[in-house]
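*Asks:* Keeping their order, the protein sequence lines are chains E and Y.
With the first letter of the first sequence counted as 1, position 36 gets the number 221 in my numbering; the numbers rise by one all the way through.
With the first letter of the second sequence counted as 1, position 152 gets the number 337 in my numbering; the numbers rise by one all the way through.
By construction, the Cβ of each residue, glycine as well, lies at the ideal position given by its N, Cα and C atoms.
Predicted model, so just to flag it, every value in this text is computed and none were measured.
Number of protein chains: 2
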Amino acid sequence: MYTPLLTHLRNYISLHEAEEKILLSYLNFQSIKKKEHLLTEGNICNANHFILKGCLRMYNNTDEGTEQIVQFAIDNWWITDYNSLDLQKPSIFNIQAIENSEIAFLKKDIQEELFKKLPQLERYFRIILQRAFAASIMRIQYIFNQSGEERYRHFNSAFPDFIQRVPQYMLASYLGFTPEFLSKIRGKKE
Amino acid sequence: MYTPLLTHLRNYISLHEAEEKILLSYLNFQSIKKKEHLLTEGNICNANHFILKGCLRMYNNTDEGTEQIVQFAIDNWWITDYNSLDLQKPSIFNIQAIENSEIAFLKKDIQEELFKKLPQLERYFRIILQRAFAASIMRIQYIFNQSGEERYRHFNSAFPDFIQRVPQYMLASYLGFTPEFLSKIRGKKE
DNA sequence: CTCATTTCTTAATCAAGATTAAGTTTTTTC
DNA sequence: GAAAAAACTTAATCTTGATTAAGAAATGAG
Numbered sequence: 186m187y188t189p190l191l192t193h194l195r196n197y198i199s200l201h202e203a204e205e206k207i208l209l210s211y212l213n214f215q216s217i218k219k220k221e222h223l224l225t226e227g228n229i230c231n232a233n234h235f236i237l238k239g240c241l242r243m244y245n246n247t248d249e250g251t252e253q254i255v256q257f258a259i260d261n262w263w264i265t266d267y268n269s270l271d272l273q274k275p276s277i278f279n280i281q282a283i284e285n286s287e288i289a290f291l292k293k294d295i296q297e298e299l300f301k302k303l304p305q306l307e308r309y310f311r312i313i314l315q316r317a318f319a320a321s322i323m324r325i326q327y328i329f330n331q332s333g334e335e336r337y338r339h340f341n342s343a344f345p346d347f348i349q350r351v352p353q354y355m356l357a358s359y360l361g362f363t364p365e366f367l368s369k370i371r372g373k374k375e
Numbered sequence: 186m187y188t189p190l191l192t193h194l195r196n197y198i199s200l201h202e203a204e205e206k207i208l209l210s211y212l213n214f215q216s217i218k219k220k221e222h223l224l225t226e227g228n229i230c231n232a233n234h235f236i237l238k239g240c241l242r243m244y245n246n247t248d249e250g251t252e253q254i255v256q257f258a259i260d261n262w263w264i265t266d267y268n269s270l271d272l273q274k275p276s277i278f279n280i281q282a283i284e285n286s287e288i289a290f291l292k293k294d295i296q297e298e299l300f301k302k303l304p305q306l307e308r309y310f311r312i313i314l315q316r317a318f319a320a321s322i323m324r325i326q327y328i329f330n331q332s333g334e335e336r337y338r339h340f341n342s343a344f345p346d347f348i349q350r351v352p353q354y355m356l357a358s359y360l361g362f363t364p365e366f367l368s369k370i371r372g373k374k375e
């Protein structure tokens with residue numbers, strides 16, 4: 186069940202069997218059904234979530250009554266609102282399952298204790314956060330340098346398999362335009 | 186000279202005097218004049234830069250021949266292209282001083298060695314990268330949820346002192362619109 | 001102090017993508 | 001397997017901010 190997490194971790198650090206046991210003893214596991222939430226806006230986020238299997242999105246509700254997606258997360262990604270988690274203040278985001286998913290999560294209140302026992306986890310998170318930050322900067326670069334259509338075509342060719350997993354209107358939201366506009370682009374046929 | 190870095194570090198981790206000495210022995214120091222570059226696109230980024238004092242920007246040249254700013258960095262911030270640094274591939278970005286600045290930098294090729302000697306640095310960078318990532322997500326959220334004018338007004342009230350330090354046209358670029366549009370907003374008077 | 005460069009402003013025209021409003025297709029649920 | 005709900009499409013109109021083109025003001029260098 187937790188195997189994907191250990192496999193993933195081994196790409197970055199090496200833990201002895203005893204250490205892996207400690208890690209697992211600090212984690213919680215949960216199945217979550219499509220459309221259920223891990224976090225709802227207004228609440229304080231109290232865990233970091235690793236997706237063993239599935240797909241989730243993080244979004245906020247706009248003034249116009251629509252939903253704006255800021256992040257997707259699939260197998261082997263962590264998802265949380267670090268702003269809320271870090272400072273323990275109410276989140277403006279919602280985290281919701283797009284597919285039935287299997288989650289491992291690490292609660293804020295025991296994280297420091299775990300990190301003290303397994304300092305290598307500091308390194309692991311340092312590396313994955315570095316990559317997440319780098320990806321986020323690249324995303325900003327794309328947003329400002331490309332048109333909506335270019336962003337769609339780029340996303341399509343970069344993550345062809347991912348397109349199958351999410352509804353078009355969610356992809357439109359993530360890319361920063363309307364479902365109608367996405368439909369228009371697709372209508373152009375090639 | 187290096188005092189700002191040690192002061193900053195003490196907010197996150199505690200190093201003994203001997204450890205601080207080790208850290209300093211691994212760092213390089215450099216003065217950089219306004220308009221000089223730390224990184225030029227096409228080159229591989231080989232260090233992470235800490236700004237002891239000053240102001241820099243990271244930008245890319247667009248197809249239209251303009252410059253698109255993706256990040257600013259001032260005193261007590263690290264700046265680098267993590268994509269290029271991590272994977273040692275040519276950068277698409279330029280990092281340039283906006284003011285005469287004092288820089289401490291940590292070279293890629295000795296970073297791992299330093300981290301082995303001072304594992305607490307993994308924690309330090311884990312924390313600041315977590316905040317950088319969180320800030321980046323918030324920025325994406327603002328980009329998609331607010332109009333150009335709203336973004337400008339928000340930035341203005343959030344960083345009133347920073348506005349003094351950069352030319353308006355750079356701020357416009359960072360916020361994702363043209364200098365002409367920024368001028369229009371300001372012209373509205375209040 | 002003066003010329004050159006950089007930065008900022010104004011205004012007219014234009015375009016990418018939003019909005020609105022149906023209607024259609026696909027998926028879910030009972 | 002029928003009805004309801006969710007997802008997608010099309011097209012007309014509208015809006016935000018881009019583009020173009022001056023000119024004005026501020027800053028910097030010698």
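1) Given E/Thr251, which residues of its chain have a CB within under 8 Å of its CB, disregarding the five upstream and five downstream residues?
2) Do Y/Phe290 and Y/Asn232 count as a contact pair if the criterion is CB distance below 8 Å?
3) Looking at the secondary structure, which residues open and close the beta strand (DSSP E) in which E/Ser286 lies?
4) Excluding five sequence neighbours on each side, which residues of the same chain lie with their C-beta closer than 7 Å to the C-beta of Y/Leu218?
5) So, is the C-beta of Y/Asn245 closer than 8 Å to a C-beta in chain E?
6) When you check each C-beta in the region 326 to 342 of chain E against every C-beta of chain Y, which residues fall closer than 9 Å?
7) Quick one: what does DSSP say E/Phe318 is sitting in, helix, strand or coil?
8) Which residue or residues does DSSP assign as beta-bridge partners of Y/Ala232?
9) Per DSSP, what kind of secondary structure is E/Leu306 in: helix, strand or coil?
10) Using a Cβ-Cβ distance under 8 Å, would Y/Ala258 count as near chain E?
11) Closest to E/Gly333 by C-alpha separation, out of E/Asp260, E/Pro345, E/Asn261 and E/Leu356, would be which residue?
12) Listing by chain order, which chain E residues have their CB less than 9 Å from the CB of Y/Pro364?
13) Can you tell which of Y/Met186, Y/Ile229 and Y/Phe310 has the C-alpha that lies nearest to the C-alpha of Y/Glu297?
14) Compute the distance between the beta-carbons of Y/Asp271 and Y/Ile236, then report whether it is under 8 Å.
15) Can you check whether the C-beta of E/Gly227 is within less than 8 Å of a C-beta belonging to chain Y?
16) Counting only Cβ-Cβ distances shorter than 7 Å, please list the residues of the region 262 to 279 of chain E near chain Y, keeping chain order.
17) How would you call E/Glu375, buried or exposed, if buried means at least 16 neighbouring beta carbons within 10 angstroms?
18) Mind reading off the beta-carbon distance from Y/Leu306 to Y/Leu299? Whole number of angstroms is fine, and I expect it under 8 Å.
19) Which runs of the beta strand (DSSP E) spanning at least 3 residues fall entirely within the region 191 to 237 of chain Y, listed in chain order?
20) Rounded to the nearest angstrom, what separates Y/Phe347 and Y/Tyr354 at their Cα positions?
21) Using only the alpha-carbon positions, how far apart do Y/Arg316 and E/Ile312 sit?
22) With 8 Å as the threshold, decide whether the Cβ of E/Glu298 is near any Cβ in chain Y.
23) For E/His234, count neighbouring Cβ atoms within 10 angstroms of its own Cβ and tell me buried if that reaches 16, exposed if not.
24) Mapping DSSP to helix, strand and coil, what is E/Met243?
25) Could you check how far apart the C-beta atoms of E/Tyr327 and E/Ile370 are, in whole angstroms? I think they sit under 8 Å.
26) Quick one: what does DSSP say Y/Asn279 is sitting in, helix, strand or coil?
27) For E/Gln196, does the count of other Cβ atoms within 10 angstroms reach 16, so buried, or fall short, so exposed?
28) On the DSSP bridge list, what partners appear for E/Glu252?
29) E/Pro304 and Y/Pro304 look like a contact to me (Cβ under 8 Å); what is the Cβ gap, rounded to whole Å?
30) Going by DSSP in three states, Y/Phe257 sits in which element: helix, strand or coil?
31) Who are the neighbours of E/Glu307 on chain Y, taking C-beta pairs under 8 Å?
32) So E/Ser321 contacts chain Y; which residues on that side make the cut at Cβ distance below 8 Å?
33) With a threshold of 6 Å on Cβ separation, who are the neighbours of Y/Leu367 within its own chain once the five nearest residues in sequence on each side are excluded?
34) Tell me the DSSP bridge mates of E/Lys262?
35) For a cutoff of 8 Å on Cβ pairs, would you count E/Phe356 as touching chain Y?
*Replies:* So, from the data block:
1) Ser358
2) Checking the displayed sequence, the identity of residue 232 of chain Y turns out to be Ala instead of Asn. Against a cut-off of 8 Å, the Cβ pair of Y/Phe290 and Y/Ala232 comes out as a contact.
3) Ser286 to Lys292
4) First, the residue type needs correcting, since residue 218 of chain Y is Lys and not Leu in the sequence shown. Correct list, in chain order: Ala282 and Asn285.
5) yes
6) Gln326, Ile328, Phe329 and Asn330
7) helix
8) Y/Lys292
9) helix
10) no
11) E/Leu356
12) Result: empty, since nearest Cβ-Cβ is about 14 Å, beyond 9 Å.
13) Y/Phe310
14) no
15) no
16) Tyr267, Asn268 and Asp271
17) Any reading at E/Glu375 needs caution, since the residue's pLDDT is 49, under 50, leaving its predicted position unreliable; the model's value is listed next. Label assigned to E/Glu375: exposed.
18) 7 Å
19) 213 to 217 and 222 to 224
20) 14 Å
21) 14 Å
22) no
23) buried
24) strand
25) Contact doesn't hold; Cβ gap of about 16 Å is too wide.
26) strand
27) The residue asked about is misnamed: residue 196 of chain E is Asn in this sequence, not Gln. Looking at its Cβ environment, which holds fewer than 16 other Cβ atoms inside 10 Å, E/Asn196 is exposed.
28) E/Asn246
29) 6 Å
30) strand
31) Pro304, Glu307, Arg308 and Arg311
32) Phe318, Ser321, Ile322 and Ile325
33) Gln353 and Ala357
34) Here the sequence assigns Trp to residue 262 of chain E, which means Lys is not the residue at that position. Note: E/Trp262 sits in no beta bridge, so no partner.
35) For the record, residue 356 of chain E in the displayed sequence is Leu; it is not Phe. E/Leu356 does not count as touching chain Y.
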